[in-house]
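Report on the following structure.
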Amino acid sequence: MKIILVCTTCSDSQDRVTTLILVLSLLPALVLTCSDSSEFNVLDYGAVGDGMANDTLAFVEAWNRTCNAESEDASMVVPEGMTFLVYPVAFVGPCNPTYITFLLSGTIIAPDNPEAWKGRNLGQWLTFQDVNGLGVSGPGKIDGRGQGWWDISCKRHPQSPVLSFTECNQFSISNILIVNSPQTHILVTGCNNVMIDSLSIKSPETSPNTDGIHISHSTRVFVSNTDIGSGDDCVSIGDYTSHIDITDVNCGPGHGVSIGSLGRSGNEVRVENITVNRVNFNKTSNGVRIKTWQVGRGHVRRVVFKNINFTDVKNPIIINQNYRDVKNACKRMKTGVEISHVWYSGTFGTSKTEVAINLDCSQAVPCTNILLDTVELESSSPGKRVISFCNNAYGNATGVVKPEFMSPKTILTYQDASVVKQSDTWDINRGSGDKFELQPEDLLTTFLAFLAAWTAACGAVLDTSTLYIPEGSTFLLNPVKFQGPCMSSSIDVQVYGNIVAPDIIAWTGQNLNNWLIFSNVNGLTTSRNGQIDGQGSNWWDQYNDSSVDQHSFTLDSFTRLIFPYIQALAFCNCNNLQLSGLTHVNGPRSHISVVGSTGLTISNLQITAP
C-alpha cells in the first residue's frame, strides 16, 4: 500500500473517508502525511514563518520525517516568501534515503541575542552531522544576525558558525545567500567529496572572526563561483586537509585565502594538494597566505596559486612561517612546519603596501621548492614602488617576476635545498632526507621536480653540469620551459628514463606552441637512450573529431587554428647544441624544432609516429 494512493480517496465520499481512517489505524507506522511521502514541508509540522514565532520544533520534526523516509530520495522544504526564526539545532544522520535535499527557498534567521544560546552548544547554530548524500540548495537566505555577538569580545566569548557540516560525505551546498554570521559562515570538518557552488556570503568588514568558509580534516572539497565579503578570511584551510580546489571566487572585503594558521599547539600538520585558481581579491588585507606557528610540525606541500588578480590588496603574496597573534609571543625555535612545492603562476595586480611579496620562512625549517612563474605586481598608488622580501626561502623564479627581490636577506637563488648534488650531477629522482620525494604519477610534483633540478644544474658555476633523468621510471610531465642563460659553460641532459606528455586537458591555459622547450641555453647536450613520448594521438583524435564530451577538454575553433604549431621538443636560441641517442615518438606535430640556433649537431636519433 502507498499512502499517496490512499490519499486520493480523501475527497470522494464519507464512506471512503471512514475506510481511510480504519486502514491507517491498523498501520500507524505509515501515517506520515497526505502529501508526497518524499517531500516534507516545515509548514506541515507547525512552522509559522513570520520571523517572530519559534519554528525550531517544526524544523526538527520535518527533518526527522525526511531522514527516516522509506524512499530513495527525500526533501525537506523551507518555502519561499516566509521568514523562519530557528534556535540552535542539529540535523543528525545517518538517514534512510540515499539522497536528501534541504530545499531552502525562504529565509532562516537566528535569534538576535546571544542570551538565546544559554544552556546550548555555543559552537553551532544550524548543524548537519553524519548525513551522506546531502544537497542544500536555494535560492533562499540564512541570516545569522551576528551584531549582538560582534559587540562582545570574540576572544572571550565562543561564537557560533551559521552552517556546520560534520562527518558529511558526498554533500553539496549551492545558490544560497548567507549573511551576518556570529563567527564563521560555513564550517566543513571531517567531510569528503564536497561541492560548494554559487554562494553569496556577506558580513561587514568590521565583523570579527567571520570567515566565509573554513575547511579542516576534509578531502576533495571544491569551492566555485562564489562571492565572499567578510571581516576575516574569505576561505581558510585548516589542518589535515587535502585535494582542496578553490576556483572562480571573488574575495573582498576580508583577509584573503589562507592556509592556516597551523601548528599553534605544537601538533603535527598535514596539508597538501591545494589549488587556488581564478580568484579576484579586492581591497583585502591579504591575498594568498600560508601561515604556520614555529612550534608546529608536519608539512604543507603541493600548493598552487594561479591566475590570481589583486586590486589594492595590502599583502598580495605572503608566507609567514613564524606566525603569532601576540607581539613577541615566541622566540626563535628549532621546530616548524615544512612548507614546500608552492607554485605562484600568472598573478597580477596592485599592492596597497610597499611589500607586495613577502616570503618569511623559518631559519630552522626553510621553505623549499618555491616557484614564482609570471608574477607582476605594482603599487596601487601611482608613482610609488613596491618590493619583494624573501627570508629562508629556496626555489626559482621564471618568466617576468615583479617586483624583483631587493632585500639583502633574500635567498631565493638558483639552487634548491632538496636536490642532491652528486659529482656535479643533479638527479631528478633523488632527494635530501625526506624533504623531497618524487612521485612520477603526480603532475605537480613532477613539474616542480624538473624545474628544481634544472635550476640547480643551470645555476651551477661549472665547466659542465649534468641533469640526470634515471632509467626505469616514466615521468608524466606538464608543459615546461627550461630557461637560460646558465652559469655552467655546458649542460648535459642525460635522459635514461621516459618522459611522457600528459592528457590534452593539461594544456588548458598553457602555451600551445610547445611541450618541452629549452630557451637561451648554450652548450646544451641531450643524450643517452631514453624516450620522449608526445602522446600525439590525444591531439590527432581531437583535431580530426571535435565532438564535445562534458568531462574532457575539446579543441575550440581557435585551438584548432593554431594546432599545427605544437612542438614536442623545441630549442630556441640555443647555440652549440648536440642531440643524440634519444627516441622521439608521437609528437603532437613536430617532434623536434630548432629556431635561432647555430652550431647544431644531430646524431643517432630515432623518430617515429604513425
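Numbering (mature numbering (1 follows the signal peptide of the UniProt record, and there is no 0)), first residue to last: -33 to -1, 1 to 577.
Built from N, CA and C at the ideal position, the CB exists for glycine as well.
Around the C-beta of residue 223, 16 or more other C-beta atoms lie within 10 Å, and the residue is accordingly described as buried.
Judged by DSSP in its simplified three-state form, residue 251 adopts coil rather than helix or strand. For residue 539, DSSP records a beta bridge to 486, 562. In the DSSP annotation of this structure, the continuous segment of the alpha helix (DSSP H) that includes residue 33 starts and ends at 23 to 34. The alpha-carbon separation between residue 154 and residue 543 amounts to approximately 59 Å.
Boundaries of the alpha helix (DSSP H) harbouring residue 115: 114 to 117, taken from the DSSP string. With fewer than 16 other Cβ atoms inside 10 Å of its own Cβ, residue 430 counts as exposed.
Residue 329 counts as buried, since at least 16 other C-beta atoms from the protein chains shown sit within 10 angstroms of its C-beta.
Taking 3 residues as the shortest admissible run, the region 287 to 354 contains the following complete beta strand (DSSP E) segments, listed from N- to C-terminal end: 305 to 318, 322 to 327, 334 to 346. Looking from the CA of residue 49, the closest CA among 343, 15, 95 belongs to 15.
At a Cβ-Cβ threshold of 8 Å, residue 197 and residue 174 count as neighbours.
Note on geometry: alpha-carbon atoms of residue 546 and residue 334 lie some 36 Å from one another. Within the same chain, Cβ atoms closer than 7 Å to the Cβ of residue 439 are found at 464, the five residues on either side in sequence being excluded. Counting along the chain, residue 495 sits inside no beta strand (DSSP E), nor does DSSP assign it H or E at all.
Ranked by Cα distance from residue 343, the options 350, 320, 367 are led by 367. Counting other Cβ atoms within 10 Å of its Cβ, residue 338 reaches 16 or more and is therefore classed as buried. In the three-state reduction of the DSSP assignment, residue 127 falls in the coil class. With a cutoff of 8 Å on beta-carbon distance, residue 563 and residue 535 are scored as not near each other. When the beta-carbon positions are compared, residue 493 and residue 462 come within less than 8 Å of each other. If only complete runs of 3 or more residues are kept, the region 159 to 196 shows the beta strand (DSSP E) at 159 to 164, 167 to 169, 180 to 183, 186 to 196, in order along the chain. About 6 Å separates the beta carbon of residue 133 from that of residue 157, a gap short enough to meet the 8 Å contact definition. In terms of Cβ geometry, residue 246 and residue 275 form a close pair [threshold 8 Å]. Between the C-alpha atoms of residue 550 and residue 496 there is a straight-line separation of about 7 Å.
Of the other Cβ atoms in all chains shown, fewer than 16 fall within 10 Å of the Cβ of residue 119; this residue is therefore exposed.
Assigned with DSSP and collapsed to three states, residue 9 falls in helix. The DSSP-derived three-state label of residue 209 is strand.
In this model, residue 363 and residue 162 are separated by some 34 Å (Cα to Cα).
Here residue 227 carries a strand assignment [DSSP, helix/strand/coil]. Residue 425 sits in a helix when the DSSP states are folded into three classes.
For residue 259, the secondary structure class from DSSP, reduced to helix, strand or coil, is strand.
Cα atoms of residue 240 and residue 268: separation of roughly 7 Å, rounded to the nearest angstrom. Counting along the chain, residue 153 sits inside the beta strand (DSSP E) bounded by residues 153 to 156. A straight line joining the alpha-carbon of residue 421 with that of residue 484 spans about 12 Å. As the crow flies, the alpha-carbon of residue 270 is around 6 Å from that of residue 308. Only buried fits residue 55, as 16 or more other CB atoms lie within 10 angstroms of its CB.
Taking a 10 Å sphere around the C-beta of residue 258, we find 16 or more other C-beta atoms and assign the residue as buried.
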